[in-house]
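Quick note on the working numbering: the sequence shown kicks off at 2 and runs consecutively.
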Amino acid sequence: MTENFEDIRSSVRALCAEFPGEYWRKLDAEKAYPTEFVKTMTEGGFLGVLIPEEYDGSGLGLSAATAILEEIHQSGCNAAACHAQMYTMGTVLRHGSDAQKTEYLPKIASGELRLQAFGVTEPTSGTDATRIKTTALKDGDEYVVNGQKVWTSRVEHSDLMLLLARTSPREDNKKRHEGMSVFLIDIREAVDNGLTIRPIPTMINHATTEVFFDDLRIPASSLIGEEGKGFKYILDGMNAERILIASECIGDARWFIEKASNYARDRNVFGRAIGENQGVQFPIAKAYAAMAAADLMVKKAAQMFDAGEPCGAEANMAKMLAADASWQAADMCLQTHGGFGFAEEYDVERKFRETRLYQIAPISTNLILSYLAEHVLDLPRSY
Ligand SMILES: Cc1cc2nc3c(=O)[nH]c(=O)nc-3n(C[C@H](O)[C@H](O)[C@H](O)COP(=O)(O)OP(=O)(O)OC[C@H]3O[C@@H](n4cnc5c(N)ncnc54)[C@H](O)[C@@H]3O)c2cc1C
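See below:
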């Protein structure tokens, strides 16, 4: 259907081989960020593939980016520490001014600046981002930001943050998604000047935090695009985000399937390989079929995105099907390993925990189903 990007895949595989299970297990135990891994991926040019050549990136499409993330996950690594750069950068590219693009994109491509953090979710708004309470109010040639975000991942390992804030109250706008704006904030200047970061310990090693804004003053030039249109800008990037995350799920599913197949061939119980039992084989085969079907949808969605076609339905279906396939494969892999699936040294329990996230973030399965019901099947809006 699409080019398979074999060259890119084999380069990514070779780099990932330098970061085996021991590396990720140690980070997990220490709750540490994979700095070396992110540095290697950045220097390999893989995080800048979507940045156009005129801004010193590779100028490749989303299909190439999905090949990179899939390979990272299929190799047993995890791209969550650095994938956000790929899609948050798109907001600056599509809606930023020429001055912002020239200032930031080449530095993001080279790794001199890290744009890994985006603050949309808030504790009280849930999935309904139109109800965010963080405000950015104009004061001369500055905005003053007040409020709180939650689940702002990688902010301690990023130089820049994309922030969604209300610049006018919800009640003052005709439509609920109007009156929000996007800002590109320099975290290094903001910390201790109105920005406080507090890590959130989680079941996976994800470097996620809650952030507090207390009269943080940012230059008016931090605004991306037009004031009040920020929610639309964020929505514009969501298809790319969903397709990229879906490719990570496909990579995870492939890892689980290979790991389970190897174990089923090698593990002898009752004097024969457990893989000789259909009760062990069939769940692996089912997981493979689910992954292969989801993979087709991911490739189709990426291809449509690259062709500039509307792909909301495909991007959402790709994310949901791939997340379901990776979770099915995770459960199967743990079961195939019996008790050893719980032992950290097999990496199964780590990947199991990691891939569970995709049922919830960046968008939960229910919200994808609601999207399909309303926008594809013309059923009444349920919320
Ligand atoms: C590890 C991690 C990292 C994250 N990183 C970031 C980040 O970097 N930046 C960021 O902005 N956000 C981030 N998030 C937030 C993430 O995008 C949200 O958690 C996710 O969108 C779900 O929102 P919520 O947690 O508020 O769930 P809620 O909206 O409170 O939903 C709770 C449950 O109710 C269901 N539900 C809600 N409304 C409906 C409805 N109308 N119909 C049916 N079911 C419904 C949901 O499906 C879900 O199962 C991260 C989250 C996690 C866990």
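We treat Cβ as the ideally placed atom computed from N, Cα and C, and that holds for glycine.
What is the rounded straight-line gap between the Cα of Gly-49 and the Cα of Cys-83?
Locating residue 49 in the sequence shown gives position 48, where the first residue counts as 1. Locating residue 83 in the sequence shown gives position 82, where the first residue counts as 1. Gly-49 and Cys-83: Cα-Cα distance of roughly 11 Å.
Beta-carbon separation of Ala-118 and Ile-188 under 8 Å?
On the sequence shown, residue 118 is found 117 positions in, with the first residue counted as 1. On the sequence shown, residue 188 is found 187 positions in, with the first residue counted as 1. Yes, the Cβ-Cβ distance between Ala-118 and Ile-188 is below 8 Å.
Would you check if the distance between the CB atom of Ala-323 and the CB atom of Thr-356 is smaller than 8 Å?
Locating residue 323 in the sequence shown gives position 322, where the first residue counts as 1. Locating residue 356 in the sequence shown gives position 355, where the first residue counts as 1. No. Outside cutoff.
DSSP state of Asp-216, grouped into three classes?
Here residue 216 refers to the residue found at position 215 of the sequence shown. Three-state result, Asp-216: strand.
For the segment 88-176, list the beta strand (DSSP E) runs that are entirely contained and at least 3 residues long, ordered along the chain.
118-120, 136-140, 143-151, 161-167
For Ala-288 and Phe-214, what's the separation of their Cα atoms in angstroms?
Residue 288 sits at position 287 when you count from the first residue of the sequence shown. Residue 214 sits at position 213 when you count from the first residue of the sequence shown. Rounded to the nearest angstrom, the two C-alpha atoms are 44 Å apart.
Between Pro-363 and ligand 1, is there a pair consisting of the residue's CB and a ligand heavy atom that are separated by less than 7 Å?
What you label residue 363 is simply residue 362 of the sequence shown in a count that begins at 1. Judged by the Cβ position, Pro-363 qualifies as a neighbour of ligand 1 at the 7 Å threshold, a heavy atom of the ligand being closer than this.
Tell me, which residues are paired with Ser-182 by DSSP?
Here residue 182 is taken as the residue at index 181 of the sequence shown, counted from 1. DSSP, once it has assigned bridges, lists Ala-166 as partnering Ser-182.
Count the other C-beta atoms from every protein chain shown that fall within 10 angstroms of the C-beta of Gly-280, then say buried if there are 16 or more, exposed otherwise.
Taking the sequence shown and counting its residues from 1, the one referred to as residue 280 is at position 279. Classification of Gly-280: exposed, given that the 10 Å Cβ count is below 16.
Using a Cβ-Cβ cutoff of less than 6 Å, which residues in the same chain neighbour Cys-78 once the five nearest sequence positions on both sides are dropped?
Reading the sequence shown from its first residue, position 77 is the one you call residue 78. Closer than 6 Å at Cβ, skipping near neighbours: Cys-17, Phe-20.
Distance, Cα to Cα, Ser-111 vs Glu-44?
If you number the sequence shown from 1, residue 111 lands on position 110. If you number the sequence shown from 1, residue 44 lands on position 43. Put simply, the backbone Cα of Ser-111 is about 7 Å away from that of Glu-44.
Whose C-beta lies closer than 8 Å to the C-beta of His-376 among residues of the same chain, with five residues either side of it excluded?
Sequence index remark: in the sequence shown, residue 376 carries index 375 (1-based). Cβ-Cβ distances below 8 Å link His-376 to Gly-313, Ala-314 in the same chain, with the five nearest sequence neighbours on each side left out; the list follows chain order.
For Ser-383 and Ile-186, what's the separation of their Cα atoms in angstroms?
Start at 1 with the first residue of the sequence shown, and residue 383 comes out as number 382. Start at 1 with the first residue of the sequence shown, and residue 186 comes out as number 185. Approximately 35 Å between the Cα atoms of the pair.
Out of Glu-4, Gly-127, Ile-201, point me to the one whose CA is closest to Glu-211's CA.
Residue numbering aside, residue 211 sits at position 210 when the sequence shown is read from its first letter. Checked all of Glu-4, Gly-127, Ile-201; the closest Cα to Glu-211 is Ile-201.
Is it true that the CB of Thr-337 sits closer than 8 Å to the CB of Tyr-234?
In the sequence shown, the residue the question calls residue 234 occupies position 233. In the sequence shown, the residue the question calls residue 337 occupies position 336. Contact flag unset, no.
Confirm, please, whether the CB-CB distance from Asp-296 to Ile-251 is below 8 Å.
Taking the first residue of the sequence shown as 1, we reach residue 251 at position 250. Taking the first residue of the sequence shown as 1, we reach residue 296 at position 295. Yes, the pair counts as a contact, with Cβ atoms nearer than the cut-off.
In chain order, what residues of the same chain lie with their CB nearer than 6 Å to the CB of Arg-155, ignoring the 5 residues before and after it?
Here residue 155 corresponds to residue number 154 of the sequence shown, with the count starting at 1. For Arg-155, where only same-chain residues beyond five positions count, the Cβ hits under 6 Å are Gln-117, Ala-118, Ala-208.
Please report the Cβ distance between Met-292 and Ala-254, rounded to the nearest whole angstrom; I am assuming they are in contact, meaning their Cβ atoms lie under 8 Å.
Translated into positions along the sequence shown, residue 292 becomes position 291. Translated into positions along the sequence shown, residue 254 becomes position 253. With a Cβ gap of about 4 Å, Met-292 and Ala-254 count as contacting.
Which residue from Phe-283, Gly-272, Ala-30, Ser-169 puts its Cα closest to that of Glu-227?
Looking up residue 227 in the sequence shown gives position 226. Just measuring C-alpha positions, the residue of Phe-283, Gly-272, Ala-30, Ser-169 sitting nearest Glu-227 is Ser-169.
Assuming Ala-166 contacts Ala-247 (C-beta within less than 8 Å), just tell me the rounded distance between them.
To locate residue 166, count along the sequence shown from 1; it is residue 165. To locate residue 247, count along the sequence shown from 1; it is residue 246. No, Ala-166 and Ala-247 are not in contact; Cβ-Cβ is about 29 Å, not under 8 Å.
Determine the extent of the alpha helix (DSSP H) in which Pro-200 is found, giving its start and end residues.
Reading the sequence shown from its first residue, position 199 is the one you call residue 200. Taken as a continuous stretch (DSSP letters only), Pro-200 belongs to no alpha helix (DSSP H), being part of the beta strand (DSSP E) at 196-200.
Does DSSP put Glu-7 in a helix, a strand or coil?
Position 6 of the sequence shown, counted from the start, is the residue given in the question as residue 7. Glu-7: helix per DSSP, three-state reduction.
Between the beta-carbon of Glu-72 and the beta-carbon of Arg-14, is there less than 8 Å?
Your numbering for residue 72 matches position 71 in the sequence shown. Your numbering for residue 14 matches position 13 in the sequence shown. Yes.
Pick out the complete beta strand (DSSP E) segments inside the segment 10-76, 3 residues or longer, and give them in chain order.
none
Our contact map puts Leu-358 next to Ile-225 with C-beta atoms below 8 Å; I'd like the distance itself, whole angstroms only.
What you label residue 358 is simply residue 357 of the sequence shown in a count that begins at 1. What you label residue 225 is simply residue 224 of the sequence shown in a count that begins at 1. With 8 Å as the limit, Leu-358 and Ile-225 do not qualify as a contact, their Cβ atoms being about 27 Å apart.
Near Thr-197, what residues of its chain come up, given a Cβ to Cβ distance below 6 Å and the 5 sequence neighbours on each side ignored?
Counting from 1 along the sequence shown, the entry for residue 197 is found at position 196. Around Thr-197: Phe-213.
I want to check one thing, is the minimum distance from the CB of Phe-283 to the heavy atoms of ligand 1 below 7 Å?
On the sequence shown, residue 283 is found 282 positions in, with the first residue counted as 1. No; taking the cut-off as 7 Å, the Cβ of Phe-283 has no heavy atom of ligand 1 nearer than that.
Do you know how far the Cα of Met-162 is from the Cα of Pro-311?
Within the sequence shown, numbered from 1, the residue matching residue 311 stands at position 310. Within the sequence shown, numbered from 1, the residue matching residue 162 stands at position 161. Going from the Cα of Pro-311 to the Cα of Met-162 covers about 27 Å.
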